[in-house]
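Asks:
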Amino acid sequence: MNQTHYETQQGVAVIRLDNAPVNGLSHAVRKGIVAGIRQAEADATVTAIILIGSQSLFSGGADMREFGTAAVTAEPNLLNVIGIVETSTKPVIAAIGGTCMGGGLELALGCHFRVAASGAQLALPEVKIGLLPGAGGTQRLPRIIGVEAALNMIVSGETVPADLFKATPLFDEFIEGDLLAGAIALAQKVVAEKRPLTRIRDRKVSHPKPDAFFMFVRNSVGAVSKNFPAPLKCVEAVQACLTQSFEEGMQAEARLFGELYLGSESQALRHLFLSERKAAKVEGVSSDTKPRAVASVGIIGAGTMGSGIAINFLLAGIPVTMLETQQAALDRGAKHIADYFADRVSKRKMKPEKAQALAALLKPSLSYDDLTNVDLVIEAVFESMDVKKAVFEKLDSVCKPGAILASNTSTLDLNQIASFTQRPQDVVGAHFFSPANVMKLLEVVRGAKTADDVLLTIMQLAKKIKKTAVISGICDGFIGNRMIGGYGAEAGKMLEEGATVQQIDKAMEKWGMAMGPFRMTDLAGNDISWSIRKGITQKHPKFVWPSSALLADKLCGLGRFGQKTGAGWYSYAKGKREALHDPAVDALVEAHRKEHGITARKISNTEIVQRCIFALVNEGAKILEEGIAQRASDIDIVYVFGYGFPAYRGGPMLYADRVGLLVVQRAMEGFAREDRAGGAAWATAPLLARLAADGKTFN
Ligand code: NAD
């Protein structure tokens with residue numbers, strides 16, 4: 003199928019981009035544009051040329067399906083296409099409706115004239131994948147909207163309404179009504195008036211105080227972009243348009259783009275960008291599967307998770323019935339939600355009318371009768387199989403046929419939960435992370451009998467509520483929490499062996515984790531892992547815990563559950579979140595070492611990082627091999643979006659690929675030899691060993 007269409011209307015050639023879903027500038031589109039320009043130039047009856055997508059979409063930029071293939075740079079590349087457009091002997095007009103992003107905007111900047119439909123949106127979002135606009139955007143945009151406005155767009159990558167540029171020469175006309183008709187009218191005017199074919203590249207650009215301004219910009223951008231080189235390189239590229247000729251500026255842009263493209267940060271961000279899209283695809287689900295309609299949601303439990311989950315749906319405009327057994331608990335949950343909307347309004351992040359309308363979509367209830375018609379129920383009651391059993395049996399008896407029944411359980415067996423109903427095919431896990439209205443990650447847990455259309459529905463719904471969803475199979479802890487077990491255990495072992503809580507957290511934070519392992523467990527609650535350990539001991543009385551786990555038990559025995567009790571591995575002032583060094587913890591650790599005959603040794607930050615991260619990687623490999631995760635990149639998504647893993651490192655599996663799996667394996671073998679607990683924790687995952695031996699990678 004052609005990805006561009008050519009026709010003439012009233013003496014004007016119309017080249018229409020038609021490459022769903024976003025009119026990406028694929029090789030075929032690029033060839034089509036060039037062929038269209040040539041055809042129009044050769045046709046004596048044609049006086050002008052219009053480039054257009056549709057009323058609601060010009061182009062989203064590069065066609066990401068071509069990433070990593072030869073097509074992405076195949077001739078004509080975008081730079082050459084823009085060159086051909088710019089040097090056309092007949093006027094070229096970009097007719098922009100809806101989205102115009104990245105290469106799409108750069109293409110429009112190469113045209114002689116531009117018109118925008120009302121509601122058109124512009125962006126140069128390359129910085130978000132660690133790059134800069136590489137097809138002249140950094141040189142042309144400042145020449146037409148000014149240096150400061152262009153810098154704002156290029157450094158932030160944010161989408162802005164085209165209307166914002168009404169006072170600049172960026173658009174020749176803003177068109178109400180039919181975009182193509184408006185563009186043709188302008189084309190005829192341009193021809194009739196014999197307007198010169200002005201090129202943005204020839205425009206003068208200046209700034210009253212360029213040196214002081216750019217010093218200020220570099221300082222402020224540098225301060226916030228630390229591990230991400232792209233924003234500063236965007237600044238450098240834009241600065242080149244002031245100090246150099248257009249051609250030199252283009253060379254600077256190309257050089258800076260190349261540096262970023264080859265850099266590890268951009269590779270990591272590109273990996274995450276593509277991984278996020280891949281994660282939405284459910285393996286084994288046929289392409290003709292249709293999602294179920296979800297127009298209303300029921301939530302059982304108005305606690306920490308239930309009320310947070312409710313906010314997500316309300317924000318998406320989906321009515322929520324929230325159910326509790328006790329009026330007081332229901333009121334608490336409803337108040338939490340009301341406070342959330344009041345806070346948005348007081349911070350001017352939402353208009354009062356909108357907040358009021360969204361909050362009104364909540365119906366608090368104490369009766370299951372209110373759930374007979376909802377399309378989806380998410381259960382977020384206490385983490386107890388007995389309680390879940392009572393809830394799911396009740397849901398089975400009241401919910402309409404085809405309603406999806408989801409559980410937010412973190413640790414319980416979803417198959418067992420599904421067995422409490424006569425419709426296990428409709429039961430699925432929806433594992434949100436706390437705070438549920440903030441954290442982007444959603445693990446969608448696939449039960450043995452979960453129907454394909456149920457999975458598809460939840461994956462698509464996730465997008466609507468602005469979550470990044472990843473499919474997980476059933477195992478203890480699913481993907482994320484299962485992996486964090488080994489990570490935390492290594493931190494505990496190193497504490498026992500001689501490191502301090504502060505050293506370990508600082509080393510991990512310096513490496514890029516949002517929070518070190520001890521600060522993280524203080525936030526989550528040390529009692530959670532304590533109760534999991536107690537559960538395991540109850541189930542397997544002969545299980546021998548490593549001595550480091552006993553140290554954590556001692557901490558919990560003192561009631562030091564973390565932030566919520568004002569003390570954990572750190573202490574916390576009342577109502578404050580700042581983690582303070584607590585000598586009582588040092589004394590506890592010291593006494594523990596003495597009891598277990600451990601002589602403290604100096605532990606390097608490198609060892610700390612390697613042991614924590616490689617523990618993640620090894621467990622990740624097992625999860626992958628067991629089919630719990632569909633793909634290595636899904637694990638990367640879980641860690642970056644749910645556990646504060648640094649995006650510029652691309653996730654634990656990509657990081658291991660970069661380090662080299664053989665290097666990872668050899669390091670783990672070394673840790674196994676030194677392990678006080680016997681080294682079992684460091685048994686290399688068979689998949690990792692195989693890939694390392696074959697010189698391959700996870701991704
Ligand atoms: P919570 O104690 O804050 O809230 C549970 C709520 O459920 C309480 O308000 C309680 O009154 C209500 N409830 C209990 N039995 C009920 C019943 N039969 N019918 C209706 N309501 C009932 O607990 P939470 O932290 O929100 O956890 C809820 C679920 O979410 C658990 O399964 C937990 O494992 C899971 N989860 C928690 C987190 C977290 O970080 N807190 C993260 C992911 C998943």
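According to this note's numbering, the sequence shown is numbered sequentially starting from 3.
Glycine included, every Cβ here is placed at the ideal spot set by N, Cα and C.
In this structure, how does DSSP classify A362 when only helix, strand and coil are distinguished?
Replies: Position 360 of the sequence shown, counting from 1, holds the residue named residue 362. Note: A362 maps to coil in three-state DSSP.
Asks: What separation, rounded to the nearest whole angstrom, lies between the Cα atoms of A44 and I52?
Replies: One-based indexing of the sequence shown puts residue 44 at position 42. One-based indexing of the sequence shown puts residue 52 at position 50. Answer to the nearest angstrom: the Cα atoms are 15 Å apart.
Asks: Check whether the Cβ of I302 lies closer than 6 Å to any heavy atom of ligand 1, and answer yes or no.
Replies: Numbered from 1 along the sequence shown, position 300 holds the residue referred to as residue 302. At least one heavy atom of ligand 1 is nearer than 6 Å to the Cβ of I302, so yes.
Asks: Taking only three categories from DSSP, how would you classify H433?
Replies: Your numbering for residue 433 matches position 431 in the sequence shown. DSSP places H433 in strand when its eight states are reduced to three.
Asks: CB-CB under 6 Å to A526, same chain, minus the five flanking residues each way: which ones, in chain order?
Replies: Within the sequence shown, residue 526 is the residue found at index 524, counting from 1. So the list is empty, once near-sequence residues are dropped.
Asks: Can you give the Cα-Cα distance for G1 and E249, rounded to whole angstroms?
Replies: There is no way to answer for residue 1, as the model of the chain reaches only from 3 to 701.
Asks: When burial is assigned at 16 or more other CB atoms within 10 Å of the CB, is M217 buried or exposed?
Replies: Counting from one through the sequence shown, the residue named residue 217 turns up at place 215. Counting Cβ neighbours within 10 Å, M217 comes out exposed, since fewer than 16 surround it.
Asks: Rounded C-beta distance between A432 and L414? I'm assuming under 8 Å.
Replies: Taking the first residue of the sequence shown as position 1, residue 432 is located at position 430. Taking the first residue of the sequence shown as position 1, residue 414 is located at position 412. No, A432 and L414 are not in contact; Cβ-Cβ is about 13 Å, not under 8 Å.
Asks: Which same chain residues, not among the five before or five after Q565, have their C-beta less than 7 Å away from its C-beta?
Replies: Residue mapping note: residue 565 aligns to position 563 of the sequence shown, counting from 1. Contacts found: D524, L525, Y574, R579.
Asks: Just how far apart, CA to CA, sit M387 and I419?
Replies: Position 385 of the sequence shown, counted from the start, is the residue given in the question as residue 387. Position 417 of the sequence shown, counted from the start, is the residue given in the question as residue 419. About 8 Å.
Asks: Comparing C-alpha positions only, which one of T502, L626, H7 sits nearest to M485?
Replies: Locating residue 485 in the sequence shown gives position 483, where the first residue counts as 1. Ranking the options by Cα distance to M485, first place goes to L626.
Asks: What residue range does the beta strand (DSSP E) around F176 cover?
Replies: Along the sequence shown, read from residue 1 onward, the residue named residue 176 stands at position 174. Where F176 is concerned, the enclosing beta strand (DSSP E) stretches over 175-177.
Asks: So the candidates are E128, A42, G449, A297; which of them puts its Cα closest to the Cα of G159?
Replies: Numbered from 1 along the sequence shown, position 157 holds the residue referred to as residue 159. That would be E128, whose Cα lies nearest to the Cα of G159.
Asks: Judging by CA-CA distance, which residue of A336, Q123, F176 is the nearest neighbour of L325?
Replies: Reading the sequence shown from its first residue, position 323 is the one you call residue 325. Looking at the Cα atoms, A336 is the closest of the given residues.
Asks: Roughly how many whole angstroms lie between the Cα atoms of T686 and D507?
Replies: Indexing the sequence shown from 1 puts residue 686 at position 684. Indexing the sequence shown from 1 puts residue 507 at position 505. Cα-Cα distance, rounded: 26 Å.
Asks: The beta strand (DSSP E) spanning Q11 covers which residue range?
Replies: The count along the sequence shown starts at 1 and reaches residue 11 at position 9. Segment 6-11, the beta strand (DSSP E) holding Q11.
Asks: Measuring only from the beta carbon, is E326 closer than 6 Å to any heavy atom that is part of ligand 1?
Replies: Within the sequence shown, residue 326 is the residue found at index 324, counting from 1. Yes, since a heavy atom of ligand 1 falls inside the 6 Å radius drawn around the Cβ of E326.
Asks: Is the beta carbon of A634 sitting closer than 7 Å to the one on L689?
Replies: Your numbering for residue 634 matches position 632 in the sequence shown. Your numbering for residue 689 matches position 687 in the sequence shown. It is not a contact, given that the beta carbons lie outside the stated cut-off.
Asks: Roughly how many whole angstroms lie between the Cα atoms of D371 and Q328?
Replies: Mapped onto the sequence shown, residue 371 falls at position 369. Mapped onto the sequence shown, residue 328 falls at position 326. Taking the straight line joining both Cα atoms gives about 16 Å.
Asks: Could you spell out the range, first to last residue, of the beta strand (DSSP E) harbouring E445?
Replies: By one-based count along the sequence shown, residue 445 stands at place 443. 443-447 is the extent of the beta strand (DSSP E) around E445.
Asks: According to DSSP, is P212 helix, strand or coil?
Replies: To locate residue 212, count along the sequence shown from 1; it is residue 210. Of the three classes helix, strand and coil, the one that applies to P212 here is helix, per DSSP.
Asks: Is A330 a contact residue of ligand 1, with contact defined as CB to any heavy atom under 6 Å?
Replies: Against the sequence shown, residue 330 aligns to sequence position 328. Incorrect: A330 has no Cβ contact closer than 6 Å to ligand 1.
Asks: Could you please give the first and the last residue of the uninterrupted beta strand (DSSP E) stretch that includes C102?
Replies: Reading the sequence shown from its first residue, position 100 is the one you call residue 102. Where C102 is concerned, the enclosing beta strand (DSSP E) stretches over 101-103.
Asks: Using 10 angstroms around the beta-carbon of S120, count the other beta-carbons present and answer buried if the total reaches 16, otherwise exposed.
Replies: For the purposes of this step, residue 120 is identified with residue 118 of the sequence shown, where counting begins at 1. Result: exposed.
Asks: Is A382 near ligand 1, with its Cβ less than 6 Å from a heavy atom?
Replies: Taking the first residue of the sequence shown as position 1, residue 382 is located at position 380. Checking every heavy atom of ligand 1 against the Cβ of A382, one is found closer than 6 Å.
Asks: Between which two residues does the alpha helix (DSSP H) carrying Q329 extend?
Replies: Position 327 of the sequence shown holds residue 329. Note, Q329: alpha helix (DSSP H), 329-348.
Asks: For L124, which three-state DSSP category applies?
Replies: Position 122 of the sequence shown, counted from the first residue, corresponds to residue 124. It is a strand residue.
Asks: Between which two residues does the beta strand (DSSP E) harbouring F115 extend?
Replies: Counted from its first residue, the sequence shown places residue 115 at position 113. That run of the beta strand (DSSP E) goes 115-119.
Asks: In the DSSP assignment, find the alpha helix (DSSP H) that holds S635 and state where it starts and stops.
Replies: Counted from its first residue, the sequence shown places residue 635 at position 633. First-last of the alpha helix (DSSP H) with S635: 634-644.
Asks: What three-state label does DSSP hand I406 in the structure shown?
Replies: Within the sequence shown, residue 406 is the residue found at index 404, counting from 1. The answer is strand: DSSP assigns I406 an E or B state.
Asks: Hey, how far is the Cα of G599 from the Cα of K512?
Replies: For the purposes of this step, residue 599 is taken as residue 597 along the sequence shown, with counting starting at 1. For the purposes of this step, residue 512 is taken as residue 510 along the sequence shown, with counting starting at 1. Distance between the alpha carbons of G599 and K512: 31 Å.
Asks: Are the CB atoms of T470 and E278 within a distance shorter than 7 Å?
Replies: For the purposes of this step, residue 278 is taken as the residue at position 276 of the sequence shown. For the purposes of this step, residue 470 is taken as the residue at position 468 of the sequence shown. In contact: E278 and T470 (Cβ atoms closer than 7 Å).
Asks: Given this structure, state the Cα-to-Cα distance separating R205 from L111, to the nearest angstrom.
Replies: Here residue 205 corresponds to residue number 203 of the sequence shown, with the count starting at 1. Here residue 111 corresponds to residue number 109 of the sequence shown, with the count starting at 1. The straight-line gap from Cα to Cα measures roughly 12 Å.
Asks: Quick check: the Cα distance between R651 and I630, rounded to an integer number of angstroms?
Replies: Within the sequence shown, residue 651 is the residue found at index 649, counting from 1. Within the sequence shown, residue 630 is the residue found at index 628, counting from 1. Rounded to the nearest angstrom, the two C-alpha atoms are 23 Å apart.
Asks: Determine which residues share a DSSP beta bridge with I52 and list them.
Replies: Reading the sequence shown from its first residue, position 50 is the one you call residue 52. DSSP output for I52 lists V16, I95 as bridge partner(s).
Asks: Considering Cα atoms alone, identify which of P548, I147, A187, V296 is closest to G319.
Replies: Taking the sequence shown and counting its residues from 1, the one referred to as residue 319 is at position 317. The residue with the shortest Cα to Cα distance from G319 is V296.
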